[in-house]
Each structure stands twice: as C-alpha cells, then as structure tokens.
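Have a look at the structure below before the remarks.
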Amino acid sequence: MSGEQNIGIYQAGSGKLDNSGTTVAGSGARVSVTTGGPGAAPDGVSPQEALATLRELLAVHGRELPAADRARARGELEEVADELAADEPDRGRLAGALERLGAALGSVAGLAAAAEALKQAVTGLFA
Numbered sequence: 098m099s100g101e102q103n104i105g106i107y108q109a110g111s112g113k114l115d116n117s118g119t120t121v122a123g124s125g126a127r128v129s130v131t132t133g134g135p136g137a138a139p140d141g142v143s144p145q146e147a148l149a150t151l152r153e154l155l156a157v158h159g160r161e162l163p164a165a166d167r168a169r170a171r172g173e174l175e176e177v178a179d180e181l182a183a184d185e186p187d188r189g190r191l192a193g194a195l196e197r198l199g200a201a202l203g204s205v206a207g208l209a210a211a212a213e214a215l216k217q218a219v220t221g222l223f224a
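Each position in the sequence shown, counted from 1, maps to that position plus 97 in this note's numbering.
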C-alpha cells in the first residue's frame, strides 16, 4: 500500500444500524443508490424528521466535506426545507435540490446515507 492511507469509516445512528447499504471511503469516494421506485419512507420517517436528522449530521460532520460542498449542501437543505414548508411543494424543485444535495454530500458516507433517507422520505410524499 505505498502512499495509501486508511482513513476508516465512521458510522452513527440512533437506534438500529443497518449495515446492508452501500459504503464508500477514501478521497473522492462517491456513492449512488437506486431504489425500485416510490414507496414508504424508510422506517416510517417523515420528510421533516429526515431533514432534521441530516441537519444534525451536517452540523457534526460537515467539516469532513470540502468547503464548497458544505456550502452547497447547506443551500440545498434550505431549498428542500422551503419546498417542504410550501402548501404545494414543487416536485421538480425538490427533486433537483435532493439530487444536488446528494452530490454535495457524496464524499462522506454517513451524510450521503442521510441524504438518501431524506430523498426516500420526500419520495413517499408523492407515492
């Protein structure tokens, strides 16, 4: 392993941890998760709960992201929050913000997983 460094993997959660999902580690690592389509939110989590969880994780682990990705993630989180607070959320705006959010958080596995959980929770609104 000349020149490589093991940076490890940090995993956190409240309650049950599910280790069956995609895990990435290392500089520039990315993850993409595709599901079979719309359905119920994971473990019955509401979009607002998933949003709050992601905000908490970003506050704790945001320094693990490049500064530009951290700033972009915060902006996209606010876009998602604004759309969710609207009387009639715009599906297109939500979908775009969630995709950009996932891309911004993709280099930190725990944040990427929380972004995917938020995406699934929001998808459940339109199922």
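Think of the CB as a built atom: it goes at the ideal place given N, C-alpha and C, for glycine as much as any other residue.
When you compare each of the options to residue i by their alpha carbons, which one comes out closest?
i      : options                : result
Ala165 : Glu176, Val142, Ala200 : Ala200
Ala206 : Glu180, Leu151, Pro144 : Leu151
Ala192 : Asp184, Val177, Gly172 : Val177
Ala194 : Ala168, Glu173, Gly159 : Glu173
For residue i, which residues in the same chain have their Cβ closer than 7 Å to its Cβ, ignoring the five residues on either side in sequence?
i      : result
Ala211 : Thr150, Leu151, Leu154
Here's a check: name, in chain order, each residue in its chain whose Cβ is nearer than 6 Å to the Cβ of residue i, leaving out the five neighbours to either side.
i      : result
Ala147 : Ala214, Leu215, Ala218
Leu181 : Pro144
Val142 : Ala218
Leu202 : Ala170, Leu208, Ala209, Ala212
Gly159 : Arg167
Just to confirm the assignment, what range does the alpha helix (DSSP H) spanning residue i have?
i      : result
Glu153 : 144–158
Glu180 : 164–182
Output needed for residue i: all residues of its chain with C-beta closer than 8 Å, excluding positions within five of it in sequence on either side, in chain order.
i      : result
Ala183 : none
Check: Given 8 Å as the limit, is there contact between the region 188–199 and the region 154–165, that is, 3 or more CB pairs closer than that?
Finding: no
(request) Entirely within the region 192–222 and at least 3 residues each: give me those beta strand (DSSP E) ranges in chain order. (result) none
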